[in-house]
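K.L.:
In our numbering, the protein residues as written are 6 to 281.
Glycine included, C-beta positions come from ideal geometry on N, C-alpha and C.
In this text, all values refer to a predicted model and were calculated from it rather than measured experimentally.
(1) Identify the residues that DSSP records as bridge partners of residue 247: which are they?
(2) Consult DSSP for residue 25 and reduce its assignment to one of helix, strand or coil.
(3) Could you tell me if residue 85 is buried or exposed, where buried requires 16 or more neighbouring beta carbons within 10 angstroms of its beta carbon?
(4) For the alpha helix (DSSP H) that residue 150 lies in, which residues bound it at each end?
(5) Nearest to residue 123 by alpha carbon, out of 32, 251, 235?
(6) Distance check for residue 205 and residue 20, CA to CA, integer angstroms please.
(7) Could you tell me the boundaries of the alpha helix (DSSP H) in which residue 79 lies?
(8) Would the region 178-195 and the region 203-223 be scored as touching if the rule is three or more Cβ pairs under 8 angstroms?
(9) Whose C-beta lies closer than 7 angstroms to the C-beta of residue 221 among residues of the same chain, with five residues either side of it excluded?
(10) Residue 101 and residue 43: beta carbons closer than 7 angstroms?
(11) Please classify residue 172: is it buried, with 16 or more other beta-carbons within 10 angstroms of its beta-carbon, or exposed?
(12) Take residue 161 as the anchor and find which of 88, 263, 174, 75 has the nearest alpha-carbon.
(13) By Cβ distance, which residues of its chain are closer than 7 angstroms to residue 156, with the 5 residues on each side in sequence left out?
(14) According to DSSP, is residue 136 helix, strand or coil?
(15) Looking only at its own chain, which residues have a Cβ that is under 8 angstroms from the Cβ of residue 174, when we skip the five neighbours before and after it?
(16) To the nearest angstrom, report how far apart residue 35 and residue 218 are at their CA atoms.
(17) Mapping the DSSP letters down to three states, classify residue 147 as helix, strand or coil.
(18) In terms of residue numbering, what span does the alpha helix (DSSP H) encompassing residue 254 cover?
(19) Roughly how many angstroms lie between the CA atoms of residue 25 and residue 126, to the nearest whole one?
(20) Rounded to whole angstroms, what is the Cα-Cα separation between residue 91 and residue 234?
(21) Determine the burial state of residue 8: buried for a count of at least 16 other Cβ atoms within 10 Å of its Cβ, exposed for fewer.
(22) Drop a sphere of 10 angstroms on the beta-carbon of residue 170, count the other beta-carbons inside from all chains shown, and report buried for 16 or more, exposed for fewer.
(23) Please list, in chain order, all residues of the same chain as residue 225 whose beta carbon is under 7 angstroms from its beta carbon, the five residues on each side excluded.
(24) Shorter than 6 angstroms, the distance from the beta carbon of residue 225 to the closest heavy atom of the ligand GDP, or not?
As C-alpha cells, then:
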C-alpha cells in the first residue's frame, strides 16, 4: 500500500476483510492453546491475592464469574472468532467476541503473559466492528482506513514504551545499565542463563538498549513509508523472541495476530485462501 492509498476511499482487493479472517483465526488458536492453563489459574481465585476485579474504562465494574461462566465466556470468545473467519454474521459475532474478551480475560489479568499483552485485542476488534469492509467478499473493493488504524494502535504501544524510557531515565537508557538490571533481576528468579550471559557484557547491553529505543520511537515510520515494514517487523519479531528467551516476557502470543496487518497483501498474492 503506497502513501496516497492511505487517503483513498476504496481499493481492491478487500485487505481489511482478509486481515479480519487472519486476525480472528490466529487469536482463536492462541485462546485455545492456553485455555486449560488459564482455567486452572482462574480456579486459584487470583483476584483475592492481586486485588479487586477489573473495571472497564476504569469505572465500570466487570461482573464476577463462576467457573462455568468463565468456561462459557472463553468458549464463546473462541467460537465467535471462528465464525467471523467463516464469514457467518461477522458483525454480530465480532461484537459478541468483544464483550467476551472483557469477561474472559479480566479475572486472569494478573497472568504474566496476559497482563498488558492482550490490550490490543479489543482495540482491533472494535476497529473491525466499525469496518465497512467486514461483510464484503475478499475480491470486492474496500476502504483502507481500518488497516491504518490497526497499525496506529500497534505503533502507539511501542512509542509509549520508548517515551516511558525517556521520561524515567532520559538518554541514560542507552548506556545499557537499565537493561543489565532487568536481565539480572530475571536471572535471579528464573535462572535463565542467557540473561546472565547478556548482562555480563556491558557493551552488548548498550548496543541493544540503543537499538531498542530507536526501534520503539521510530516504529511509526511504517505507516508513512511501507518500504520500511520488512525491517521493522523483522526487528520486532527478533526483539520479542529475545525477551521471551532471556526474560520470559511473551508479547508475541497476543500481539502476533495484530502483526498480520502487514501481510494481507502477501496472502492475496500467494492465493492460499479460496476467493483471493
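P.N.:
Reading it off the structure:
(1) Beta-bridge pairing links residue 247 to no other residue.
(2) helix
(3) The C-beta of residue 85 has 16 or more other C-beta atoms within 10 Å across all chains shown, which makes the residue buried.
(4) 150-174
(5) 32
(6) 46 angstroms
(7) For residue 79, the uninterrupted alpha helix (DSSP H) segment begins and ends at 72-90.
(8) These segments touch.
(9) 163, 164, 166, 167
(10) no
(11) exposed
(12) 263
(13) 227, 228, 266
(14) Coil, per DSSP.
(15) 183
(16) 29 angstroms
(17) strand
(18) First-last for residue 254: undefined, no H or E at that position.
(19) 12 angstroms
(20) 29 angstroms
(21) In this prediction, residue 8 has a pLDDT of 44, which is less than 50 and means its spatial position is unreliable; nothing more can be read from the coordinates.
(22) buried
(23) Taken in chain order, the residues that qualify are 160, 164.
(24) Questions concerning the ligand GDP fall outside what the structure shown contains, since it holds no ligand whatsoever.
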